[in-house]
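K.L.:
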Amino acid sequence: MSLLSITIQQAGYDLDEAIIQDIQFSINKGELVGLIGANGAGKSTTIKSILGLIPHFHGEIIKKQDLFMSYLPERPVFYDELTFQEHIDFVAALEHLSDDVVLQRIGPLLNNFQMAEHLHELPTTFSKGMQQKAMIILALLKKPELFIIDEPFIGLDPIATKLLLDLIQNKRKRGIGILMCTHVLDTAEKICDRFIVLNNGKMIVCGTLEEIRDFCHLPNSDLFDCYHYLIKDDENE
Ligand SMILES: Nc1ncnc2c1ncn2[C@@H]1O[C@H](COP(=O)(O)OP(=O)(O)OP(=O)(O)O)[C@@H](O)[C@H]1O
Numbered sequence: 001m002s003l004l005s006i007t008i009q010q011a012g013y014d015l016d017e018a019i020i021q022d023i024q025f026s027i028n029k030g031e032l033v034g035l036i037g038a039n040g041a042g043k044s045t046t047i048k049s050i051l052g053l054i055p056h057f058h059g060e061i062i063k064k065q066d067l068f069m070s071y072l073p074e075r076p077v078f079y080d081e082l083t084f085q086e087h088i089d090f091v092a093a094l095e096h097l098s099d100d101v102v103l104q105r106i107g108p109l110l111n112n113f114q115m116a117e118h119l120h121e122l123p124t125t126f127s128k129g130m131q132q133k134a135m136i137i138l139a140l141l142k143k144p145e146l147f148i149i150d151e152p153f154i155g156l157d158p159i160a161t162k163l164l165l166d167l168i169q170n171k172r173k174r175g176i177g178i179l180m181c182t183h184v185l186d187t188a189e190k191i192c193d194r195f196i197v198l199n200n201g202k203m204i205v206c207g208t209l210e211e212i213r214d215f216c217h218l219p220n221s222d223l224f225d226c227y228h229y230l231i232k233d234d235e236n237e
């Protein structure tokens with residue numbers, strides 16, 4: 001069942017410049033879709049288009065009725081003067097969550113991500129990895145049907161990376177759809193059901209690893225090799 005169906009004819013920040021164009025894909029229940037491409041390929045712009053944050057957008061975003069989405073941005077965003085606990089309280093208030101629900105959802109995450117002792121500190125003073133962990137915990141406080149996550153592994157240590165991977169798999173098993181932007185191709189290859197490859201603002205392929213291998217005529221190759229083939233081929237056109 002499709003949670004989200006995206007058709008972008010063109011989208012961009014200025015009226016006269018299309019940053020992305022001709023992008024079409026969908027995300028189904030329980031599916032993990034990897035959005036991959038070089039720096040500046042248009043991944044974040046695609047995500048912002050889905051979230052309705054792009055000023056000049058031509059296309060169609062069809063959502064399942066009452067779809068509840070949660071977005072984990074590439075760069076952590078915090079209020080300067082709020083502690084981590086106050087950020088948690090703020091999200092809980094916005095989502096109308098009771099103290100019991102918050103404790104139940106967040107207790108194990110705080111312990112597993114080793115963030116319990118930092119509740120009364122300002123996230124703006126956290127290290128990069130700690131900020132990323134705090135953003136993940138805040139995002140997981142909600143119970144969306146679709147997660148949109150932008151470069152979630154940046155800055156995470158190997159323990160936190162494993163924890164996040166387990167959490168992602170767990171969400172998927174429970175039918176939650178995930179769109180994940182990442183440069184970490186070996187991890188993406190292991191966990192994603194399908195991939196969307198962007199280059200210079202255009203979608204060059206969308207499919208399973210098997211379909212991408214067929215498309216590239218590279219049987220048995222990994223995602224890394226297929227990706228490099230696709231980019232080189234696209235640049236030569
Ligand atoms: N707010 C903005 N205003 C104008 N141009 C922007 C803005 N944000 C991004 N761009 C431009 O849009 C293009 C695509 O950027 P985008 O952030 O979507 O790429 P990306 O694939 O997410 O890259 P990265 O892997 O580096 O995060 C780039 O040329 C970038 O300079």
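Here the UniProt record's numbering is used: position 85 in the sequence shown is 85, and no number is missing along the way. We treat Cβ as the ideally placed atom computed from N, Cα and C, and that holds for glycine.
(1) Quick one: is Ala188 buried, meaning 16 or more other Cβ sit within 10 Å of its Cβ, or exposed?
(2) Does the beta-carbon of Ala160 have 16 or more other beta-carbons within 10 angstroms, so that it is buried, or is it exposed?
(3) Whole-angstrom Cβ separation of Ile149 and Ile196, contact assumed at under 8 angstroms?
(4) Hey, out of Leu167, Asp16, Lys232, Phe84, whose CA is closest to Ile204's CA?
(5) Taking just the CA atoms, how far does Leu109 sit from Pro158?
(6) Under 8 angstroms: does the beta carbon of Asp166 sit that close to some heavy atom of ligand 1?
(7) Along the beta strand (DSSP E) that carries Thr125, what are the first and last residues, could you check?
(8) Mapping DSSP to helix, strand and coil, what is Cys192?
(9) Compute the Euclidean distance between the alpha carbons of Leu185 and Phe90, then round it to the nearest angstrom.
P.N.:
Quick answer:
(1) buried
(2) buried
(3) Not quite, the Cβ-Cβ distance comes to about 14 angstroms (not below 8 angstroms), so this is no contact.
(4) Lys232
(5) Computed Cα separation, rounded: 16 angstroms.
(6) no
(7) It is not in any beta strand (DSSP E) - Thr125 carries neither H nor E in the DSSP assignment.
(8) Coil.
(9) Approximately 35 angstroms between the Cα atoms of the pair.
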